[in-house]
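Sequence lines, in order, name chains B and A. Mapping of the first sequence onto this note's numbering: position 56 corresponds to residue 56, and the numbering continues sequentially without gaps. Mapping of the second sequence onto this note's numbering: position 62 corresponds to residue 267, and the numbering continues sequentially without gaps. All C-beta atoms, glycine included, are put in the ideal place defined by N, C-alpha and C. Since the structure is predicted, the reported quantities are computational estimates derived from the model, not experimental observations.
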Amino acid sequence: MSALPNSPLVPAGWQTIGPFFPRTFFNEGDNDLTRIAPTAPPTALGETIILHGHVLQEGGGPCVNAVLEAWQADALGHFRHPLDPGHAKADPAFMGWGRAWTDAEGHFEFRTIIPGSFADTSGPRAPHINLGILGSGIMRRLCTTVFFPQHAAANTADPVLAVLPAELRPLLLAQPDGERDGLRVFRFPVLLRGEPHEETPFFLD
Amino acid sequence: MPDALPDLFAPYDEHTQPQVPIQHYAGTYTRNPRRPPFRRPVTRTELTGPLDLSAKLHPGDINLAETNGKPAQGQLIYVTGRILDEDSRPVAGALVEMWQANAAGRYFNPLDQRDAPLDPNFIGNGRCQTDATGRYGFFTIKPGAYPVPNSNKWWRPPHIHFSILGPSSLSRLVTQMYFPGDPLNAVDLLLLSIADREAQQRLISSHIPTQQIEGEWLGFQHNMVVRGRHATPPL
Chain B
1 MSALPNSPLV
11 PAGWQTIGPF
21 FPRTFFNEGD
31 NDLTRIAPTA
41 PPTALGETII
51 LHGHVLQEGG
61 GPCVNAVLEA
71 WQADALGHFR
81 HPLDPGHAKA
91 DPAFMGWGRA
101 WTDAEGHFEF
111 RTIIPGSFAD
121 TSGPRAPHIN
131 LGILGSGIMR
141 RLCTTVFFPQ
151 HAAANTADPV
161 LAVLPAELRP
171 LLLAQPDGER
181 DGLRVFRFPV
191 LLRGEPHEET
201 PFFLD
Chain A
206 MPDALPDLFA
216 PYDEHTQPQV
226 PIQHYAGTYT
236 RNPRRPPFRR
246 PVTRTELTGP
256 LDLSAKLHPG
266 DINLAETNGK
276 PAQGQLIYVT
286 GRILDEDSRP
296 VAGALVEMWQ
306 ANAAGRYFNP
316 LDQRDAPLDP
326 NFIGNGRCQT
336 DATGRYGFFT
346 IKPGAYPVPN
356 SNKWWRPPHI
366 HFSILGPSSL
376 SRLVTQMYFP
386 GDPLNAVDLL
396 LLSIADREAQ
406 QRLISSHIPT
416 QQIEGEWLGF
426 QHNMVVRGRH
436 ATPPL
């Protein structure tokens, strides 16, 4: 990829959110991707699920007050955004974005739907949710992606999962974790720093 | 269009971005991965992003300098600037979140247990949406400096945290704004974590001539450039 010879401006340097990201920024429903507003009805398309987990730091302790931002396609694999050629078909009742923060145990939770797959120029994308993780000491957003074990064939063909060595791919699979209120629950543990076989793989932002 | 897309979001120049770990900041040692990040193909999920979050993250808190009609303690300031992309085009409709310490250098946050006074009339966070020219603005008070615990007398210079969302996942930015002329800037470990000196300087705001500001606010101008070229067109 070439540099940007014609670019007159350089993007600003990132800095950490620090330890004091305001809790008052979080409103009820911010972690619910299924609604475009807290009072709006949830989308009728797709299987609603709970996605949760813990964010842990080196040594296994909790990463408290981390902020996680999720972004994903709708149930049919569309994004309501002009850079998706299929955006006109995107589900108008689906937000696709949510924000959660971790509690004293490092726990976070999202309510969303199983996203659809779609064909991209790089290859067929398996159902996935992108997560951006911010926290005190994290100087630049850490980017990772959640995949689902029930889509094994699609995962095998996914061009992003394919950049990981095979032994690390299972670390990006959410784990079935029972049911709650009739919804399937998936668990996605995040280890920010650890031994190579357990540290969550992250992607260049 | 797809073939032109990677050119929209080239990777960051590492010299203009903070490097970790940072001395005296334990979290930079324990919360950043050992393994280098994997380079991935940029697909629609990365290129797109939520275009209108205002129904969820409500904008409108632009005056932090009073709470319930009561004035906060401190120097009244007005911080304004534009959100631009790498082609100098304004990013309209971006959500801009900011938070800061009070005039005594303490955050209105239960996690800040420092022995400095809280100001009941200062919460210290705001959110707005940029106008058609990419402009944002907040009325607030100048934050105080504060010492970092267990850091051998590292004091954070007065700074304001900024979080910018839109129009793409790859244009997300979280940064901090510093004030011109503060002697703590030159020794701040977070600013110094960026190798490129010009990139450090770009995080420091500039004074707005006093004649240009209505009312009794000291003005600071601070543009922020988010990644991406020719800002995403609206739907």
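What does the alpha-carbon distance come out to for the pair Ala3 (chain B) and Asn428 (chain A)?
For Ala3 (chain B), the predicted model reports a pLDDT of 45, less than 50, meaning its position is unreliable; a value from the coordinates is still stated below. Roughly 23 angstroms separates the two Cα atoms.
**Prompt:** What span of residues does the alpha helix (DSSP H) with Tyr217 (chain A) cover, start to end?
**Reply:** Run containing Tyr217 (chain A): none; DSSP gives neither H nor E here.
Problem set entry | Test item: CB-CB of Gly194 (chain B) and Arg239 (chain A) under 9 angstroms | yes
**Study point:** Buried or exposed by the 16-neighbour rule on C-beta atoms within 10 Å, applied to Asn314 (chain A)
**Key:** buried
So, are the CB atoms of Phe327 (chain A) and Ala391 (chain A) less than 9 angstroms apart? no
- Task: Kindly list the residues whose CB is nearer than 6 angstroms to the CB of Tyr234 (chain A), restricted to its own chain and excluding five residues on each side of it in sequence; keep chain order.
- Result: Annotation for Tyr234 (chain A): Pro226 place their beta carbon closer than 6 angstroms to its own, counting only its chain and skipping 5 residues before and after.
**Item:** Rounded Cβ spacing between Gly254 (chain A) and Ser374 (chain A) (contact assumed at less than 8 angstroms)
**Value:** Indeed they touch by this definition, with Cβ atoms about 4 angstroms apart.
### Query
If you run the structure through DSSP and keep just helix, strand and coil, what is Arg332 (chain A)?
strand
Contact with chain A by Phe147 (chain B), beta-carbon distance below 9 angstroms
no
Using a beta-carbon distance below 9 angstroms, is Asn237 (chain A) in contact with chain B?
yes
(message) In this structure, how does DSSP classify Gly232 (chain A) when only helix, strand and coil are distinguished?
(response) helix
query = With 16 as the cutoff for other CB atoms within 10 Å, does Pro348 (chain A) come out buried or exposed?
reply = buried
Practice task
Report the partner residues of Met303 (chain A) according to the DSSP bridge assignment.
Solution key: A:Gly331, A:Phe367
Q) What are the complete beta strand (DSSP E) segments, minimum 3 residues, inside the stretch 359-403 of chain A? A) Fully enclosed beta strand (DSSP E) runs of 3 or longer: 364-370, 378-383.
Original post:
Distance, Cα to Cα, Arg125 (chain B) vs Arg23 (chain B)?
Top reply: 34 angstroms
(message) I need the DSSP call for Phe202 (chain B), collapsed to helix, strand or coil.
(response) Three-state result, Phe202 (chain B): coil.
- Item | Straight-line Cα distance separating Val247 (chain A) from His263 (chain A) | In a straight line, the C-alpha of His263 (chain A) is about 30 angstroms away from that of Val247 (chain A).
What's the C-alpha gap between Gly274 (chain A) and Phe186 (chain B)?
46 angstroms
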